[in-house]
Each structure stands twice: as C-alpha cells, then as structure tokens.
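Only one structure is covered here, and it is reproduced in the block below.
There are 2 protein chains.
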Amino acid sequence: MPGGSSRFAVAIHVLTLLARAGGDAPVKSDRVAASVNTNPVVIRRILCALAAAELVTSQSGAAGGSRLARRPERITLRDVYRAIEGGDAFRLHRRRPDRRCVVGANIEGVLGGVLDETNAAVERALARTTIADIVTRLQPCAPPARASARAATRAKG
Amino acid sequence: MPGGSSRFAVAIHVLTLLARAGGDAPVKSDRVAASVNTNPVVIRRILCALAAAELVTSQSGAAGGSRLARRPERITLRDVYRAIEGGDAFRLHRRRPDRRCVVGANIEGVLGGVLDETNAAVERALARTTIADIVTRLQPCAPPARASARAATRAKG
DNA sequence: CGTATTTGTAACTATAATAGTTACGAATGC
DNA sequence: GCATTCGTAACTATTATAGTTACAAATACG
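Protein chains in written order, with this note's numbering: chain A, 5 to 161; chain B, 5 to 161.
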C-alpha cells in the first residue's frame, strides 16, 4: 500500500501544533504550512476533514485560524485516522475478477472480511496513542506554550 | 493510504489459485491472469516477488508455471504482506518539515515509532490467517482439486 | 461602514505510484 | 529443433496525491 498518502502524518503534525499552541489563540493555516513545509491550501483541506470529525474548529476573518475542539488527551490517533482515511488502509482488486471462477467470484468477499479484521487491529493500535502523547514525546526539553512562554517563543514555528 | 496498491489482494488471489491446484501441476501465468482479470505480466511480477520470499516456485518452458513452495497451511497473510509490501503500510511526510520548528524537527521520529508499532499490529493480525483458511472460506460447496476432481474441473478458472 | 485578513473551496497543474502492454531472450519439455 | 512459458525491460495509461492560483464569504477592528 505504499504510494498511499502522507495526509495521516500531516494531520497528526497539524494537531500537534494546535495542541502546543494551547488553545488560547487560533493558529493560521499559513503558520502550520510553514512548519509542515507545504502549501496552506493543503493544510486547510486537512483541517477541513478534521473539523468535519469535530477534532478542530476554524474561524474565518482577521483574527481567524484553527484550534483543537477537545483537549489533546482526548484525541487519539484512531480519531485522526478515521477522520482522514475513513478507516481503510487496504485495497481490493482494481478490476473485477472473473466471476466464472470460484476463486474470482468469492475472493473479494473473503478478503473483505480479513481486511476488516486487520483494519480493526490497526484502529486498536492507534487508539492507544493520543495527541497529548505525541506532544510529550516530541522533546522533553521544549515544553509547549502554556508551560513556559519564553521557551515556547524561542521554539515556535 | 488509499491510493495504495491492489498487489496484496492480487497476491492472495494468486496463492489461493495455486493452493487449489493442489501442487500436482504448475499453473501458468495466463490462467491466473484470466481469473484475476489482468495482464499475465502483472501476475508474473507478483509471482516473482512471491518466489523471492520463497512462497512459490516457478519454471520456464513448455510444461512450466508456478506452484506453492509450501503447504497452504504454512503460508500466512503476514508472509504475503512482507513479500509484497515490504511491511510498510503507513507513510510519513512527502517533503521534510521545517527543522527550525520543534514539532517539524521531531515529528518524523516520533511518528516513526508509532507507525512501527501499528505495523506490528497489522502483522500480528495478518499472521492469524493462512492461505488454507482463505481456500476454506471461499466456498464450502466447491472443494479444491485434491478432494474431488470432477467438482474442481467444473469450477476451474 | 470599510478595509484587511483568513478561511473554504473550486479549478487547474504537477508528481509519483501503480497497472497495463508489447516485446524478446532464456529456459525447458517434447 | 520447436513450441511454450517464464523473467524482465521498456514503454504507455491511469489514478491518487500534492501543489498552486484564484476568489467568494466570513470576521475583527478601526
């Protein structure tokens, strides 16, 4: 499945930035884009998906931007995965197999079951990590904005 | 990660066909391609990866074709996954994040750890199903060649 | 109010991965 | 030797993802 997207990784990056901003001021897509090293529209598209899943809220206008809709402890990577990928990591055949063949006629159904189970395992694994965990693991020495305004300013981006 | 490949699904399809052939006669890539509904070269490329992982053996020439290198009970979907995808379902950023930002500088490392764990969960889940299981689930009423030559002939393809 | 700013989204291009195709040398059974 | 089949290279086609430009709608603030 490589060849897949980097959206999941980017979405986690985005949420981590918002978590570190502490929810006091909304973060602009331009600022996020700079950290991720991509175009602001790409970021806004991802923020849009995250907003649909009620993980963030966004606001247009002069003092606009995005912030977390919940505390980072309450956002798991499973939530992000579902918001971004719709919960499907594996793909079936591109073209329909030959239905006159017993294997071709039934393999999609059988595989569907197996891949559903696999996906459930993925989700269980992802559910064990939260955005707060990611923030913590980032760098023990560089605390987020809330904890130390000076350190956060030095390390911002 | 959708947008990924269908090779994993096709590889399982291929191995299932070989398992049902029972290992008596080698199966030709043309015959497999017909069941999968694709080009024989696509199948041969996948067979090549499966041969490198020692899951099948192939033979050139007049009476050539491919057959399983082990009994289907001893080939797990994890083996197939590793042979085909190299064991990486998730992808990181496309372009390098901004290293001047604490998040950008460290997110790849942190995510790498999380995704490794996730991948391990995928593999554990896939290890629980074998090609023999797939064959069994295909259709209780249409047994493979070994069990009933007549039924297999009728249902072949 | 009017202006500056920022989101949301459409429309397009670019890049890259995957699949499909043609072709042919090498291997092999008959 | 000859027909057949694999392995593989080289190419095209298709699709997904990312990147870009542009602009209407929302909103803060003077």
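Backbone N, C-alpha and C fix where the C-beta goes; we use that ideal spot for every residue, glycine too.
Here Leu-59(B) has Leu-19, Leu-72, Ala-73, Arg-74, Ile-79, Asp-83, Val-84, Ala-87 as same chain residues with Cβ atoms under 8 Å from its own Cβ, once five neighbours each way along the sequence are excluded.
With respect to the C-alpha of Gly-69(B), the residue from Ala-109(B), Ala-37(B), Arg-98(B), Gly-90(B) having the closest C-alpha is Ala-37(B). About 25 Å separates the beta carbon of Leu-96(A) from that of Leu-81(A), a gap too long to meet the 8 Å contact definition. Pairing Asn-41(A) with Arg-100(B) gives a Cβ-Cβ distance under 9 Å. Cβ contact annotation for Ile-111(A) (same chain, cutoff 7 Å, sequence separation greater than five): Pro-101, in chain order. Nearest CB-CB separation between Val-14(A) and chain B: below the 9 Å threshold. Not one beta carbon of chain B lies nearer than 9 Å to the beta carbon of Gly-26(A). Residues of the stretch 25-48 of chain B with a C-beta atom less than 8 Å from some C-beta of chain A are Ala-38, Ser-39, Val-40, Asn-41, Thr-42, listed in chain order. Taking 9 Å as the cut-off, the beta carbon of Gln-143(A) is found closer than this to the beta carbon of Val-106(B). Burial state of Glu-89(A) is buried, judged by a 10 Å Cβ sphere holding 16 or more other Cβ atoms. Boundaries of the alpha helix (DSSP H) around Thr-20(A): 11-25. DSSP places Thr-42(A) outside both helix and strand once states are collapsed to three, so it counts as coil. Shortest Cα-Cα distance from Ile-50(A) to any of Gly-8(A), Thr-140(A), Val-14(A) involves Val-14(A). Rounded to the nearest angstrom, the gap between the Cα atoms of Thr-133(A) and Pro-76(B) is 36 Å. The DSSP-derived three-state label of Leu-119(B) is helix. Checking the DSSP bridge columns, you'll see Arg-71(A) partnered with Thr-61(A). Taking Pro-44(A) as reference, the option from Ala-55(A), Lys-32(A), Ala-67(A) with the minimal CA-CA separation is Lys-32(A). Between the alpha carbons of Gly-27(B) and Arg-98(A) lies a distance of about 28 Å.
Distance from the CA of Ile-135(B) to the CA of Val-118(A), rounded to the nearest whole angstrom, comes to 11 Å.
At a cut-off of 9 Å between beta-carbon atoms, Pro-76(A) makes no contact with chain B. Taking the beta carbon of Glu-121(B) as reference, the chain A residues within 7 Å of it are Ala-129, listed in sequence order.
Taking 9 Å as the cut-off, the Cβ atoms of Gly-8(B) and Gly-8(A) count as close. Counting of Cβ neighbours within 10 angstroms places Arg-128(A) among the exposed residues, the total staying below 16. Secondary structure at Thr-133(B): coil, using DSSP grouped into helix, strand and coil.
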